[in-house]
Each structure stands twice: as structure tokens, then as C-alpha cells.
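Novice:
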Amino acid sequence: MGVMTLISGVGLLVDDRMLLGSPIWHKPFKFSVSFVLYGLTLAWMHSLLTRRQRVGWWAGTVVAAGSAVEMVIIVGQVVRGKRSHFNTETPTDAALFSLMGTTVVVLWLGTLLMAVVLWRQPLADRATQWAIRLGSVIGLAGLAVGFLMTQPTADQASGRITGTVGAHGVGTADGGPHLPVTGWESTGGDLRIAHFVGMHALQVLPLLALGLAYAARRYGWAADAGVRPRLVLVAGLGYAGLVGLTVWQALRGQALSSPDGLTLGAAGALAAAVAVAVAAVLRIGAARSRSGPGGSGGSGGSPGPGAAGGPGGAAGALVGAEPRG
Numbered sequence: 001m002g003v004m005t006l007i008s009g010v011g012l013l014v015d016d017r018m019l020l021g022s023p024i025w026h027k028p029f030k031f032s033v034s035f036v037l038y039g040l041t042l043a044w045m046h047s048l049l050t051r052r053q054r055v056g057w058w059a060g061t062v063v064a065a066g067s068a069v070e071m072v073i074i075v076g077q078v079v080r081g082k083r084s085h086f087n088t089e090t091p092t093d094a095a096l097f098s099l100m101g102t103t104v105v106v107l108w109l110g111t112l113l114m115a116v117v118l119w120r121q122p123l124a125d126r127a128t129q130w131a132i133r134l135g136s137v138i139g140l141a142g143l144a145v146g147f148l149m150t151q152p153t154a155d156q157a158s159g160r161i162t163g164t165v166g167a168h169g170v171g172t173a174d175g176g177p178h179l180p181v182t183g184w185e186s187t188g189g190d191l192r193i194a195h196f197v198g199m200h201a202l203q204v205l206p207l208l209a210l211g212l213a214y215a216a217r218r219y220g221w222a223a224d225a226g227v228r229p230r231l232v233l234v235a236g237l238g239y240a241g242l243v244g245l246t247v248w249q250a251l252r253g254q255a256l257s258s259p260d261g262l263t264l265g266a267a268g269a270l271a272a273a274v275a276v277a278v279a280a281v282l283r284i285g286a287a288r289s290r291s292g293p294g295g296s297g298g299s300g301g302s303p304g305p306g307a308a309g310g311p312g313g314a315a316g317a318l319v320g321a322e323p324r325g
């Protein structure tokens, strides 16, 4: 996959062809980078397995094979000067797009199998364990957004548009004005945003757990073993809310860069809920730290002040129970 990234990068530099308003090698470059990150993450997750390693190996192999087939088709269509996704202009194009649909299902099932194996794998660090669990579930949801894109639009279903089945955009035609770098639609909804955000939860949440483990060696607020998994849980729920928000915004035909009051209100409420929950977790951790070995602290003790009653109320009740592996 690294070779595909290199080839696509060279293509961006030397091939000036355009497709749907973007450099023709833009899509294979984005996909190859994404697959590299995805593959490295799964390889790291597999390294954590102490049991069911063979099942994990097969799951990773299935994902790698599906990714390779997907990239070969995308690059092959670029060489032909054709669209890879949603293209049914000729029998060959339709067959290739159908095969891509099959590989997406294979990728999803392989990731699901890896998620099931990892969910049952006990890890010493509960923050990492919950980061992997939540990242896997959110990642599967993000991958599943891709299936929404394959549904025919009203114009396609009525026959007014032929040679295309499915679209990235909602309320706008693919290939119109778009945001720089990402290529996401700027005049309507774009389901690729939720697809991207969701599937990369597999990297974001484990990186958060890693950062918290580093912080635990330097900062007192992160030293309590109960604080880190709670923060990961809050971050995971907030991240899931963000994926849901981007799906909702896209399905309403609204560009990421042009949110309306309803979207801004929902985003603000989500951010506020996460901030309150984080503050409650940190306060609980501080209280447990102050209580010391003789108090109610410790990684297995009670949540501390504010967990259900007192200041913090509902937020404390939400985060007061420590996630268990």
C-alpha cells in the first residue's frame, strides 16, 4: 500500500488530468494514505492479542486483501481516465464498481471480526482497552456510512441520470465546488465526511489513550488509573456524537462549511456535554487522589464526590462508574 501511495503521489505531480473537478490522482492518493493508516492500526492491534491470534491474523489478512483489490481498481480506473466509484457507464465499469462494493463488505466483515476478538482481549491498561473497543465500534459505523453512498439518487432512480448509481453528495452533484485538500462538497451535504471521521476513530482514540498514559507519568490529574479510562469513555461517546452529527448534517444536504443554526446548536450542545463530563471526571480523580489510600480513592474505590449527587449531578453520575474490562 505504501507503493500505491508513492505512485499516486508521483501521479499528482506529473499527471495534470482532472476528473470531477479534482486532479485525477487525488482519490487514489487519499485512499492509499487512509489504507496505510488503517493497516498499521490493525497490525498494532493484532500485536496486542495473546489469544485467538490466528483469528486476528485471518481478519487482518482479509482486510489487507480487500484494501489491495480496492486500490488496484481505483488506480486502474485512473489509468483509463474513468471514475471508479458509482460508475456504471459500461459493462466493465459496472463490473468493477460491483467488485468494489464486494470488497467494502469484505473490509467491513474483516474489521468486525477483529473488533470481536479485540473486545474479548484483556489488556493491562483499561484506557487502551476501551479506546480499542470504542474505536472499533465507531470505525465500523463510519465504514457503514459508505453503504449510504451506494443508494441511487432520485434522478438516478427515475432514469433522468444514467451511467451512475450512488453519490457522495446530497443535494448537490458530485464534482461541483469543493473544499481544498479534502475535496468535500462545499455547496451541499457530503457523506464522505462522516465516513472519514468514523473510520479513523481507530487511530484517534488509541492515540488519546497513549497520550493519557504519557500524561500519567508527568501530571497528577492523570495518575489515577480510574481517570484515564473514564476520559477515553467520554471522548468515545463524544466522538460517536460527532459522527452522528456529520451524518445528520450531510443527509440534510448541508455543507460542512455552511452549518445552519440547528447544526451549530447541536454541535454546541455536544461540545458542552463533553466538556462537563471531562470536568466531572477530573474532579472525581482529584477527589480520589486527595482521599489517599485510606479514603475512598484508588482505582477500584468509589467514584468520589459529585458522582451522583452534589455538585456535578448528572455528569458525575454518567462518569462516576469506572469502565471495566
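For the sequence shown, position 213 (counting from the first letter as 1) is numbered 213 according to the numbering used here, and the numbering increases by one without interruption. Glycine included, C-beta positions come from ideal geometry on N, C-alpha and C.
Looking at chain B, is there any beta carbon in it that lies within less than 8 Å of the beta carbon of Ala157?
Specialist: In summary, chain B is missing from the structure at hand, where a single protein chain is found.
Novice: Bridge partners of Thr164, per DSSP?
Specialist: For Thr164, which the question treats as bridged, DSSP gives the partners Asn87.
Novice: Quick one: Cα of Trp44 to Cα of Arg52, how far?
Specialist: Distance between the alpha carbons of Trp44 and Arg52 is about 15 Å.
Novice: Whose CA, out of Pro180, Val117, Val274, Ile161, lies closest to the CA of Arg339?
Specialist: What the structure shows of the chain is the stretch from 1 to 325, and residue 339 is not part of that stretch, so it cannot be assessed.
Novice: Please confirm whether Tyr111 and Gly76 have their CB atoms less than 8 Å apart.
Specialist: According to the sequence provided, residue 111 is Thr. The question's Tyr does not apply to it. Not closer than 8 Å, so no.
Novice: Bridge partners of Leu19, per DSSP?
Specialist: For Leu19, which the question treats as bridged, DSSP gives the partners Ser22.
Novice: Excluding the 5 residues preceding and the 5 following Gly132 in the sequence, name in chain order all residues of the same chain whose CB lies nearer than 7 Å to its CB.
Specialist: Checking the sequence shown, residue 132 turns out to be Ile, not Gly. The answer, listed in chain order, is Met45, Leu118, Pro206.
Novice: What does DSSP give as the partner residue(s) for Asp190 in the beta ladder?
Specialist: Answer is Gly169.
Novice: Give a yes or no on contact between the segment 59 to 71 and the segment 85 to 95, applying the rule of three or more CB pairs nearer than 8 Å.
Specialist: They do not touch, by the three-pair rule.
Novice: Per DSSP, His178 is paired with what?
Specialist: Paired residues: Glu185.
Novice: Which residue comes first and which comes last in the alpha helix (DSSP H) that contains Pro229?
Specialist: Element bounds for Pro229: 227 to 251.
Novice: Our contact map puts Leu20 next to Gly175 with C-beta atoms below 8 Å; I'd like the distance itself, whole angstroms only.
Specialist: Indeed they touch by this definition, with Cβ atoms about 3 Å apart.
Novice: What would DSSP say about Gln326, mapped onto helix, strand or coil?
Specialist: Look at the range of the chain in this structure, 1 to 325, and you will see that residue 326 is not part of it.
Novice: Any contact between the segment 271 to 288 and the segment 196 to 212? By contact I mean 3 or more CB pairs, one from each, below 8 Å.
Specialist: The segment 271 to 288, when compared against the segment 196 to 212, does not touch it at the 8 Å Cβ threshold.
Novice: Report, in whole angstroms, the separation of the C-beta atoms of Met71 and Met149, which I expect to be a contact under 8 Å.
Specialist: Not confirmed; about 18 Å, so no contact.
Novice: Check the C-beta distance from Asp190 over to Gly169 and give it rounded, since I have them as a contact under 8 Å.
Specialist: About 6 Å separates the two Cβ atoms, so the contact holds.
Novice: Among Thr172, Thr164, Gly81, Phe35, which residue has its Cα nearest to the Cα of Leu107?
Specialist: Among Thr172, Thr164, Gly81, Phe35, the Cα nearest to that of Leu107 belongs to Phe35.
Novice: Does the distance from the C-beta atom of Leu40 to that of Trp25 stay below 8 Å?
Specialist: No.
Novice: Look up Leu123 in the DSSP assignment and say whether it is helix, strand or coil.
Specialist: Correct three-state label for Leu123: coil.
Novice: Once the 5 residues before and after Arg217 are set aside, which same chain residues still bring their CB inside 7 Å of it?
Specialist: There are no such residues.
Novice: Using alpha carbons as the reference points, say which of Ile73, Tyr214, Phe196 lies closest to Tyr239.
Specialist: Out of Ile73, Tyr214, Phe196, Phe196 has the C-alpha closest to the C-alpha of Tyr239.
Novice: Since Trp184 and Leu256 should fall inside the 8 Å C-beta cutoff, what is the C-beta to C-beta distance between them, to a whole number of angstroms?
Specialist: So it is a contact: roughly 6 Å between Cβ atoms.
Novice: Quick test of the definition: if touching needs 3 or more C-beta pairs under 8 Å, does the segment 223 to 233 touch the segment 156 to 166?
Specialist: With the cut-off at 8 Å, the segment 223 to 233 and the segment 156 to 166 do not touch.
Novice: Taking DSSP as the reference, what is the three-state secondary structure of Met71?
Specialist: DSSP places Met71 in helix when its eight states are reduced to three.
Novice: Pick helix, strand or coil for Gln151, following the three-state DSSP scheme.
Specialist: Residue state, collapsed to three classes: coil.
Novice: Which word fits Arg80, buried or exposed, when buried means at least 16 other C-beta atoms lie within 10 angstroms of its C-beta?
Specialist: Exposed, by the Cβ-count rule.
Novice: Quick one: what's got a C-beta closer than 8 Å to Ile161's C-beta in the same chain, skipping five residues either side?
Specialist: So the list reads Thr153, Asp155, once near-sequence residues are dropped.
Novice: Using the three-state DSSP reduction, which class does Pro206 fall into: helix, strand or coil?
Specialist: If DSSP states are grouped into helix, strand and coil, Pro206 belongs with the helices.
Novice: For Val281 and Leu231, I'd like the C-alpha separation in whole angstroms.
Specialist: In a straight line, the C-alpha of Val281 is about 7 Å away from that of Leu231.
Novice: Does the beta-carbon of Gly142 have 16 or more other beta-carbons within 10 angstroms, so that it is buried, or is it exposed?
Specialist: Gly142 comes out buried.
Novice: Could you give the C-beta distance for Gly56 and Gly171, rounded to a whole number, given that I count them as a contact under 8 Å?
Specialist: That pair is no contact at about 41 Å.
Novice: Tell me which same chain residues have a C-beta within less than 8 Å of the C-beta of Gly135, skipping the five on either side of it?
Specialist: Correct list, in chain order: Ala201, Leu202, Gln203, Val204, Leu205, Pro206, Gly236.
Novice: Taking all protein chains shown into account, decide if Arg126 is buried (16 or more other Cβ within 10 angstroms of its Cβ) or exposed.
Specialist: Per the 10 Å Cβ criterion, buried.
Novice: Is the beta carbon of Pro28 closer than 8 Å to that of Val78?
Specialist: A contact, by the Cβ cut-off of 8 Å.
Novice: So, are the CB atoms of Val145 and Val247 less than 8 Å apart?
Specialist: Closer than 8 Å, so yes.
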